[in-house]
Amino acid sequence: MIKRCGKIINCILIFFVLLQLTAAVARGNSEVPQETLNASGNLNVDSSVDPVGLKEGYSAVLYDSMNGLPTSEANAIAETEEGFIWIGSYSGLIRFDGNTFERMDSSTGIASVKCLYVDRENRLWIGTNESGVFLMERGEFRCWDEKAGLKSTSIRSILQRGDGLIYIATTDGIASVDQEMNFRVLDDLELKDSFIHELRKGADGTVYGLDNSGDIFILENEKTVRYLQFKDKKAGRINCILPDPADPGNIYMATGDSSIYCCSVGDSLKVLKKTDISPLSQVQQFEYIDGDLWICTRNGIGVMDEKGFHKLENIPMDNSIGHVMTDYEGNLWFTSTRQGVMKIVPNQFSNIFERFKLPEAVVNSTCRYGNRLFIATDTGLTVLDEKGVVSSIPLTKAVTASGVPLEAADLVELLDGCRIRSIIQDSLGRLWISTWRSHGLLRYDKGKLTAFTVEDGLFSDQVRIVYECRDGSMLVACTGGVNVIEKDRVTRSYGEQDGITNTEVLTVAETDKGDILIGTDGGGIFVFRGEKMVRQIRRAQGLTSEAVMRIKPDSKDKIYWIVTGNSLAVMDEDYQITTLNNFPYSNNFDLYENSAGEFWILSSNGIYVLRREELLRNGKMDPQHYGRSDGMPCITTANSYSELTGTGDLYIAGTTGVAKVNIEKPFENVNRLKVAVPYIDADGVRIYPDEKGAFTVSSKARKLTVYSYVYNYSLVNPLVTYYLEGFDQSENTVSRSNLGPVDYTNLPGRTYRFVMELKDSMGRGNRSFSFQIVKEKALYENAWFILLTALLAVFLVAQAVSMYFRRKMTDLEKKHREEEEKRRISRELKMASELQESMLPYEFPPFPLRQEFDIYASMNPAKEVGGDFYDFYLIDDDHLCLAIADVSGKGIPAALFMMISKAILQNTAMLENNPSEILTMTNEALCSNNKLEMFVTIWVGILEISTGIIRAANAGHEYPAVMKDGKFTLLKGRHGLVIGGLEGIKYPEYEIRLEPGDKLFLYTDGVTEATDSDKKLFGTERLVDALNIDPDAPPQQILKNVRGAVDRFVKNEEQFDDLTMLCLEYRGPLSDSST
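Using my numbering, the letters of the sequence shown map in sequence onto residues 594 to 1668.
Take a look at the structure:
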């Protein structure tokens, strides 16, 4: 009996298993309940923002053709697994990494994209309006169009079934693509010719569809379609559908009006609930996100949660919204066929004016008073609480400090139209309201109002700020100076009569010593001790600007932070100023410190955040900057006062409203960010990773480009450090917005790791990623090749050493022969030089017994031997012949020609005492056999000793210089042609008359044509100047003076020509007694 019962139980169990399998087959596939995917195939993660109602902490950013998106319309949006966001538009397919929009090349054939879908293999399916459907995988595209069998190339929806089958909905039926990429048109369906508007999959795997007639159907398998009847004919045509992910038996749908229906699915559709979403109408799409139903319509965006329906307000997108999704970070994304793409992301900054729908206004001060926020503007007082604007603050009593009653029953009404410069709360919980040219200084204390005016002792009714001292007294900064208020009356004042030369007071503070610090608009800082001014701090004392906008005591380091018109500075207890020169911005207004020692510095272009120690170090500063692009809704008003609460909420007084930010809570979190290297380029060829995520590069690749991405779609901008391990010697750190492709060239073959590390903008957190890159080794990089090459190198080195030594010995022998030859030539040149010198008079004085004259001469050749010569000799007792000559050219040829010329000239002069004839005869002799075509310039003169008359002739030589009356001058006369140039030349003769004491100076062109480093000539003017240094000196000294002047002029330049000089001093004939 027991065995029979067991068999019965087993049969029953088998029956139920078979029943379940049959039911699964009846559903057309093997799906099990799963998480609902959105229309793009993505899983919508929980939203990181809640833009419904008056919640804070988010920003809506619209992308269109004006700010990066290549177009201002979008039809579809999807996100692939690595982190790219893809946008389909009529202009094509667009990729976004959070930093740059990139439109895919039209050469792929992709244009006019209508829908996108990411399948389980992370492949992107792209449905176009007229070109069919494309599949993108690892950068490659595959297309199915009319050639592949599509009846219509206008694609409207794509969906993947649980078994991997892809459905493609077109304007003319449905097609499918299986896992093996087999394509088929579903011709045997009832809706084979229907315009399919949408396909959606339920949580149980059921595929629902909507055709263009508004009929809903269930695609049970590739052959069976079941239509669902909707009996409410008054509702109109159905626009869109969404299976309920919480209840697989229900479906949401919308018609053309402002109604949403939740229906149960059976043989027909039964309405369970109808919701009015007006003023929204014409729903385009539904999506479930974080348990809420998001509704995209023609005229806005709505959300339906457990509390009911809500319309999103204060967002820039409100027209033709077609899609909504969340990215991997939980940011919300929307598309519009009229406005582009919008994202809603978390924002550490809150726009208080936008939240409470306040018109833009210049805010001068904020103050948190209880649960209310007091806002001072140029047009009055605005007060906010959690419910909104507080329209009235009744006053129970209003008097002046002197006791005069004021006609005021309400604080807001009293200040309407007044310019309020600041609102400060003191330690007793009282508000001090500084007004400008209206009510003076007001003190509000739990309904009681006390006004301090000029009549009560204030310098003026132009009040800027108050400061509470340690004894409870209040310092009032106003135009005219500083007043001190104690117990409802002005007890002291610091003004012009006390030494304040500039009474436009901008700020005031008290030191630990009790001194009063007064910052002015152009006068620097005045320091008072008691009632006496003890010092004034200006530019000379270290300030870079004498407009001092803020003085803030800092008890931690016993210093004072100074904000001037163009810098930040620190002042110590001894009033010594240190300007923070390395702070990157000059136009700052105020600064606040959080508990972590980070200073938030408000400026005219946003906020700079920097640690205390980095500021005080005054070295290189790299602060984090927040501006408009980082979600800051407004910029700080100049010289404004912002409230910092005990919990870290900073209410920034801005130029268009109030921005709220908590400076205690770190906003950036890098731990969730996706980082990837999806591909690399090797010499322009794209390479994708293998199954293990590694990239393999050919050994022939020369240039490698690494494309690294940090997929960040929020408003944070983390720091990215990257390096190629095994190649880079140092790390590179950039902000994520500046991260771009990295190039490497000529990498050796080996395995590398491309490492990326993330930190937030303040250096917090540390998340590391690495990607393997394998470059194959070239032939010459293998160990066996290196060993073989080393052996070959050893052999070649041995051969080279042997050849080297053989060549070295040969070179040494050759060098020895050359050196012997040089020494021989040198000896011969030396002998030639000595021979040449011996041919010239070299003993001085040459005629020691003759007192009528004195002669000195010198010749310095440019080379070993020269072409210049000089000569002098007595023809008879009363006639002295003088000659100086310069042969063309230099060196040995010139020296030989010089000796020939000198011999002919001397022989001719012995036969003839007429200078003209001497030169004529010498010319004829040299011209008769001058095969070298050389020439010589000669000056020859014969002195008649008894009279001092010199008869001279010049054959192309330099003009002589004559000293008369204690001064040398050039004696210019007619030149004759050079000797050896042309036969038959006559040379004119002229006279020079010397008086006793006169001198004659002869020289060659080596003197006047000596050059310096700038190629300037010494010239005749410098020659005459050198002669006149000491014209009365003896001939030998005269030559030394000239040579010294030449050497000083040319300095270290090489002598390029022979330098020859001769000087004659005529003393006159001897008297009879002397004789």
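Glycine included, every Cβ here is placed at the ideal spot set by N, Cα and C.
Over the uninterrupted alpha helix (DSSP H) stretch that includes residue i, give me the two end residues.
i	result
Leu-905	Careful: Leu-905 lies outside any alpha helix (DSSP H) and carries neither H nor E.
Lys-1633	1628 to 1643
Ile-945	945 to 948
Thr-746	Neither: Thr-746 is in no alpha helix (DSSP H) and is coded neither H nor E.
Glu-1647	First-last for Glu-1647: undefined, no H or E at that position.
Val-1617	1612 to 1620
Leu-1007	1004 to 1007
Thr-1601	1598 to 1601
Nearest CA to the CA of residue i: which residue from the options?
i	options	result
Met-1527	Gly-1482, Ala-1502, Pro-1581	Gly-1482
Lys-950	Ser-851, Thr-1249, Ser-874	Thr-1249
Gly-1074	Leu-1536, Asp-1091, Leu-1237	Asp-1091
Val-1120	Ser-1148, Gly-1569, Ile-1109	Ile-1109
Ala-762	Glu-773, Asp-756, Gly-755, Trp-737	Trp-737
Met-1514	Val-1309, Gly-1573, Tyr-1435	Gly-1573
Tyr-1219	Leu-1467, Trp-1193, Thr-1613	Trp-1193
Asp-797	Gly-996, His-1032, Ile-1448, Glu-813	Glu-813
Ala-741	Ser-747, Gly-725, Glu-730	Gly-725
Thr-890	Ser-1307, Gly-901, Thr-930, Val-982	Thr-930
Phe-1320	Tyr-1304, Tyr-1302, Leu-1297, Ser-1307	Leu-1297
Asn-722	Glu-1103, Ala-1488, Ser-705	Ser-705
Phe-1611	Ala-1619, Thr-1601, Asp-1618	Thr-1601
Asn-1264	Asn-1325, Tyr-683, Thr-1157, Asn-1305	Asn-1305
Ser-1197	Asp-1183, Glu-695, Leu-1536	Asp-1183
Enumerate in chain order the residues of its own chain whose CB-to-CB distance from residue i is below 7 Å, with the five nearest sequence positions on each side excluded.
i	result
Val-864	Asp-825, Tyr-854, Cys-856
Asp-1242	Lys-1253, Asn-1255
Glu-1658	Phe-1446, Asp-1447, Lys-1592, Pro-1627, Pro-1628
Ile-1497	Thr-1515, Ala-1518, Leu-1519
Leu-758	Ser-769, Asp-771
Val-1643	Ala-1603, Thr-1604, Asp-1605
Would you report the Cα separation of residue i and residue j, rounded to the nearest angstrom?
i	j	result
Leu-1405	Leu-1389	24 Å
Pro-1311	Val-1348	16 Å
Ser-852	Thr-1028	53 Å
Thr-1096	Gly-1088	7 Å
Ile-1078	Asp-1105	19 Å
Asp-1215	Asn-1331	15 Å
Arg-749	Glu-880	17 Å
Phe-1649	Glu-1517	30 Å
Ile-1585	Val-1529	23 Å
Gln-753	Ile-894	27 Å
Ala-632	Leu-1203	45 Å
Leu-1663	Ile-1538	10 Å
Cys-708	Ala-669	5 Å
Ala-1386	Asp-1640	57 Å
Asp-1353	Phe-1260	9 Å
Lys-1039	Thr-959	18 Å
Val-1299	Val-1270	7 Å
Trp-1377	Gly-1342	15 Å
Assuming residue i is part of the beta strand (DSSP E), what are its boundary residues?
i	result
Val-992	990 to 993
Glu-733	733 to 737
Gly-798	Gly-798 -> no beta strand (DSSP E), and no H or E assigned at all.
His-1218	1217 to 1219
Arg-1443	First-last for Arg-1443: undefined, no H or E at that position.
What I want to know is whether the C-beta of residue i ends up closer than 8 Å to one or more non-hydrogen atoms of the ligand FMN.
i	result
Thr-1515	In the structure on display, the ligand FMN does not appear, and there are no ligands present to speak of.
Enumerate in chain order the residues of its own chain whose CB-to-CB distance from residue i is below 8 Å, with the five nearest sequence positions on each side excluded.
i	result
Asn-1174	Ser-1160, Asn-1211
Gly-923	Val-638, Asp-639, Ser-640, Ser-641, Val-642
Can you list, in chain order, the residues of its chain whose CB lies under 6 Å from that of residue i, leaving out five sequence neighbours each side?
i	result
His-903	Val-645, Val-896
Whole beta strand (DSSP E) elements within the stretch 1092 to 1124, 3-residue minimum: 1098 to 1103, 1109 to 1113, 1118 to 1122
Counting only runs that start and end within the stretch 1177 to 1210, where is the alpha helix (DSSP H) found for 4 or more residues in a row? 1205 to 1210
Of all the beta strand (DSSP E) runs that stay within the bounds of the stretch 1225 to 1303, which reach a length of 3 or more residues? 1242 to 1246, 1251 to 1255, 1267 to 1275, 1278 to 1280, 1288 to 1290
Within the stretch 1468 to 1542, note down every full beta strand (DSSP E) run reaching 3 residues or more, in order along the chain. 1472 to 1480, 1529 to 1537
Would you mind listing the beta strand (DSSP E) stretches within the stretch 1016 to 1070 that are 3+ residues and don't spill past its ends, in chain order? 1024 to 1028, 1034 to 1038, 1041 to 1045, 1056 to 1061
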